[in-house]
Every structure is written in structure tokens, then in C-alpha cells.
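Report on the following structure.
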Amino acid sequence: MESIGKLSTRVVEHLRDPLVKSAVRVKSSIMGEAGKFLRGKEFVELLPTIISPITDPLNHEVHNAKFRYYDQEYRLTQSMIFHKQLACKTFDRIFIVSPNVRLETSEKALSGRHLFEFSQIDLEIRNAKRDDVMTLVEDLITTLIVEVKSSCKEELELLSSNPSIPTTPFTKVKFMDAYEQYGKDFETVLSSSFKEPFWLIDFPIWEREFYDLLSQDGRTLKDMDLILPNGFGETLSGGEREWEYQRIISRMEFKGNDPEELAWYMEIAEAGELVPTAGCGIGVERLTRYICSLDNVARTRLFPKVPGRSWI
Ligand code: ASN
186 MESIGKLSTR VVEHLRDPLV KSAVRVKSSI MGEAGKFLRG KEFVELLPTI
236 ISPITDPLNH EVHNAKFRYY DQEYRLTQSM IFHKQLACKT FDRIFIVSPN
286 VRLETSEKAL SGRHLFEFSQ IDLEIRNAKR DDVMTLVEDL ITTLIVEVKS
336 SCKEELELLS SNPSIPTTPF TKVKFMDAYE QYGKDFETVL SSSFKEPFWL
386 IDFPIWEREF YDLLSQDGRT LKDMDLILPN GFGETLSGGE REWEYQRIIS
436 RMEFKGNDPE ELAWYMEIAE AGELVPTAGC GIGVERLTRY ICSLDNVART
486 RLFPKVPGRS WI
């Protein structure tokens, strides 16, 4: 364990770092513009759900963050996916800047892309299709870059960053095509060679969580990731969602998820109360890192939680 003195010195150095100051200001502008953009399209902003008896099982291993309060066990939310789906019973279009806690395993420590507390601009739309979400996000990302370039000139100059305004529509790459051509590290290869953000679509069923909608082909999902160019990697995942009980059950069986862990969500699904939706979550720190051309997402937050390191 690092001594308290060393930790406090590191924190103070970080708080004084001009790159951090500029990146946090850019991030503030990104969040402000995203809110303006989404409210302008009749999205209702919700406050985040940070603790819940249920949370996203994710498609990769993390340590559990849970605690007991009276006779209920709660988890820290790893994403707001289920609450977003349910919120679309009340509103047609919602968004949340949603703080997620994912206690990542130690091999993520040096990636430059992981924090164990991070935020997504999470949105969900009732009765929407994947294409609707992709078109909306292309418009959103382009608007954000244009706005940040004009409102944060000094910061971008200090960061020596000059993000280009992407061409729309973004290119779409099918997961299996990329896999066959470039092997299992295709995402890294493509992210490094592309000069513009691009979509990775149609993930095979075993690659994602049970809630991404299975296509009629029975093998691929109606989902997508947004991959940033120049090696910055993935910043968004989303898709159309499963909403019918029997389909959810069979997908959970396929993935080995325990329905008991999602008990009240499953009851709502069984009662036929879920509605069809599509949506996505945009990693705020990763998008900021890209716009600021930074080496590490840690520089986009004043109090970054890097896996394996202590922080205040
Ligand atoms: N926010 C993502 C989505 O909307 C889910 C996730 O982060 N795992 O699909």
C-alpha cells in the first residue's frame, strides 16, 4: 500500500497539471453540449441510479461491488441498461450522465482506457431501431467536436490537439468480416489504421450480453460499438434490446446468467411489461481523451480511479 504522504503528493500534482485542467474543461463543454443537443431532440434527462439490487452482468469479468442494507443486497451499477429500458415505459426518449463502477481486474491498469469509476452519456429510445441510434450519435459526435473546437480553443491548443470533424455517415464494419481479415486483435488494428470514427456492427451472439437483440439469422446481434480512430479504441456500445420474456430467458441460459440475480427485472419481463427500445452509452472519459489527444483517460478527471491504484 502506498503511504498517505505519497498519495497526497500525487493528487496535488495531478490537480495542478495544466493538461488535466484543460481536459476537464473540454469534458465540461462536451457534457454541456451533449445535454443541449439531446434536450433539443426531446430527450428527458434522468438522474442516475447508482445503487440497485440488479445491474448489468457485463460481458467481461469484474470484481463485485455490493453491500447489504436491511435485508436487501445492493450492487453499484455497472451500467444503467435495465433502468434505461424501464424508463422508456414513462418517456419515449431519455438520457442520463450515468456514473458506473466496474471493479476491473488488474490487467486493465495500464491500458490508458480504463477507470473503475467512469461515466457514460447513456441514452435510450422507445420503439427505435439501431439505425436511428447510429444516425443520432453521428450527428451528436460531429456537433460536439464542432462546438468544442470553437468553445475550447485555448484548451485544445495547450493540449496540442486538433480533432478533425468526422465525415458522416460513419463507415460500418461487420464484426465477423473484421475478425476473419485481421484476427482476434482486429479492433486494435482497425482503430490504429482508421482516420475517422467507425461502427463495428453485428457482434456474434457469444460476444455480448443477453440483452442485445438477436437478429433473425439467430447468430448475430442488432448492436454496435463506436470505435475511435488513431488507436483510441472503443467509446460506445449499444443496440436494440431484447424485451420478450421467453427470448430473454433463452439468451440468459445461453450466456449462463442467473435469472435470480435480476429477480425483479425478470418479474417485470414475465408480466409482459418491457417495451422495445434501442440505445447506447458513450464513454465520456474516452471521448474526451480522444478530443484532447491524451495518453490516458486518467487525465480527463480530477479524481481518476485507475484500476490497481489508490486515489482519494
Ligand atoms: N450503456 C451500454 C448500452 O447502452 C451498456 C454497457 O455499458 N454495458 O448498451
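In the numbering used here, the protein residues as written are 186 to 497. For glycine and all other residues, C-beta sits at the position ideal for the given N, C-alpha and C. Bear in mind that the values here come from a model prediction, so they are computed numbers and not experimental data.
- Taking 8 Å as the cut-off, the beta carbon of Glu394 is found no closer than this to the beta carbon of Pro233.
- 8 Å or more divides the Cβ of Thr352 from the Cβ of Glu332.
- Under a 10 Å Cβ-count criterion, Lys226 is classified as exposed, with fewer than 16 other Cβ atoms of the shown protein chains found around its own Cβ.
- In this structure, DSSP gives Ser237 an extended state, which the three-state scheme calls strand.
- For Cys465, the shortest separation between its Cβ and any heavy atom of the ligand ASN lies below 7 Å.
- Non-local C-beta neighbours of Met265 in its own chain, meaning closer than 7 Å and more than five positions away in sequence, comprise Pro233, Thr234, Ile281, Ser283 and Asp307, ordered along the chain.
- For Ile476, the closest of Pro348, Val247 and Glu372 by C-alpha to C-alpha distance is Pro348.
- Scanning the region 286–355 for uninterrupted beta strand (DSSP E) segments of 3 residues or longer gives 302–311, listed from N- to C-terminal end.
- Where Phe267 is concerned, there is no enclosing beta strand (DSSP E), although the alpha helix (DSSP H) around it starts and stops at Ile266 to Ala272.
- By a beta-carbon distance limit of 8 Å, Leu411 contacts Trp384. Their separation comes to about 6 Å.
- For the pair Arg287 and Leu479, the Cα-to-Cα distance works out to about 22 Å.
- Phe303 is a Cβ neighbour of Asn285, given a cutoff of 8 Å.
- Taking Glu187 as the centre and dropping the five residues before and after it, the same chain places the C-beta of Ser495 closer than 6 Å to its C-beta, in chain order.
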